[in-house]
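To start, the structure itself, in structure tokens.
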Amino acid sequence: MNDNCGRNIRYLRLSVTDLCNLRCAYCMPAEGVEKLSHGEILSVEEIGEIVAAAAECGIEKVRITGGEPLVRRGIMEICRLCASTRGIKEVVLTTNGVRLAEWAGQLREAGVSRVNISLDTLKAGKYKEITRLGSIDDVFRGMDAAKAAGFEKLKLNAVLIGGFNDDEIPDFVALTRDEDIEVRFIELMPIGECAGWDKSRFIASDAVLKAVPELEPAGASGVARLYKVRGHKGSVGLISPISSHFCSVCDRIRVTADGRLKPCLHSAEEIKLKGLHGEELKAAVEAAIKSKPKGHRLNQAASESARSMFRIGG
Ligand code: SAM
Ligand code: SF4
193 MNDNCGRNIR
203 YLRLSVTDLC
213 NLRCAYCMPA
223 EGVEKLSHGE
233 ILSVEEIGEI
243 VAAAAECGIE
253 KVRITGGEPL
263 VRRGIMEICR
273 LCASTRGIKE
283 VVLTTNGVRL
293 AEWAGQLREA
303 GVSRVNISLD
313 TLKAGKYKEI
323 TRLGSIDDVF
333 RGMDAAKAAG
343 FEKLKLNAVL
353 IGGFNDDEIP
363 DFVALTRDED
373 IEVRFIELMP
383 IGECAGWDKS
393 RFIASDAVLK
403 AVPELEPAGA
413 SGVARLYKVR
423 GHKGSVGLIS
433 PISSHFCSVC
443 DRIRVTADGR
453 LKPCLHSAEE
463 IKLKGLHGEE
473 LKAAVEAAIK
483 SKPKGHRLNQ
493 AASESARSMF
503 RIGG
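193 is the number of the first residue of the sequence shown in the working numbering; add one for each residue after it.
In structure tokens, the structure reads:
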């Protein structure tokens, strides 16, 4: 359905947990976070009801995210439930990849059609540094398992961090040479842990075009501007929420693990869905879609959202 600005809202990003097995420095505090109580978190049944209500309001695509979705108990049931909901045409999942080797085959069977894997560096030492807990080999194993399970066109998400991984841009682009993957560079957004970071760490995605001048425009895919190096099998996506924000074409809403609907990632507005059922639930989703703000002002100010990314589902 259309919001009040005429945008057709068809994409739900669903956070199934705010827990994570990593502690990426820009996303989570080193000591982790207090666990929501069992009663606070959406149950599998409640998730099913919300996805069904959203589908009745025109949502066609669900991205399962978190926190880390693969640490959520019942994740396969959640995927299956989303994929079998009437009106939902596509279920995709964003993961840090650490547990993907265990789950890739089952995810595919559960009806997940694509996985996005987050990887901010290709170097083992730097991976440990930025994630504080992770081993990069687990992610590489996860990528291999995803390919073996039949996931086509893997997407690799790297958040650009000045002074940390901008020197690796050519290495990331080189991954697209022999494989049909999409490497996506995402601008770091000043939200949560990194809200107070030095300006030098926030670099515009055009840095990628400067680092690899051979990249040629190749259209768009959702909110990503696509580029290719001639002759390479894969592509490179630039996602620029700050330098050229895409609010005018934003077609998404978000639901947090504790059942709040956020019409905009960077607005403080939240609508409580937990506890609502049937027509009441549908009416709340409908009203939330209608109330989606026209845009955010991230290029001028910090996010107004009171939550960090791991609490919203990036
Ligand atoms: N744990 C999963 C993962 O890392 O893929 C899913 C949740 S994570 C919050 C989703 C994505 O948000 C990741 O690609 C992560 O790098 C990104 N992210 C987290 N904080 C961010 C920030 N401040 N700016 C831009 N992207 C961010
Ligand atoms: Fe966890 Fe994803 Fe946040 Fe990293 S970015 S701490 S993997 S939720």
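Heads up, the beta-carbon is just placed ideally off N, CA and C, and yes, glycines get one too.
Please read all numbers here as calculations on a predicted model, not as lab measurements.
If the five residues before and after Arg369 are omitted, its C-beta is found closer than 6 Å to the C-beta atoms of His424, all from its own chain and listed in chain order. Around ligand 2, the residues whose beta-carbon falls short of 7 Å from at least one of its heavy atoms are Cys212, Leu214, Arg215, Cys216, Cys219, Met220, Gly258, Gly259, Glu260, Asn288, Ser310, Thr323, Met501, Phe502 and Gly506, given in chain order. DSSP places Ala412 in the strand class (E or B) of the three-state scheme. When the alpha-carbon of Gly342 is set against those of Ser436, Val307, Glu226 and Phe438, the nearest one is in Val307. Segment contact: the segment 358 to 365 against the segment 286 to 300, fewer than three CB-CB distances shorter than 8 Å; contact not assigned.
Per DSSP, reduced to three states, the secondary structure at Gly470 is helical.
Beta bridge pairing from DSSP links Arg444 with Tyr203.
Residue ranges of uninterrupted alpha helix (DSSP H) with 4 or more members, entirely inside the segment 239 to 313 and ordered along the chain, are 267 to 275 and 292 to 301. According to the DSSP secondary-structure assignment, Gly429 is paired through a beta bridge with Arg376 and Leu418.
Ala275 is not a Cβ neighbour of Lys474, given a cutoff of 8 Å. Excluding the 5 residues flanking it on each side, Arg393 has same chain C-beta neighbours closer than 6 Å at Ile353 and Gly354, in chain order. Val441 is classed as exposed because its beta carbon has fewer than 16 other beta carbons within 10 Å across all chains shown.
The three-state secondary structure of Ala350, taken from DSSP, is strand. Looking only at Lys345, Lys482 and Arg503, the smallest Cα-Cα distance to Cys197 is reached by Lys482. Contact check for Arg264 and Thr209: beta-carbon distance about 4 Å, within the 8 Å limit, so the pair qualifies.
Beta-carbon to beta-carbon, Cys216 and Thr286 are separated by about 13 Å, too far to satisfy the 8 Å threshold.
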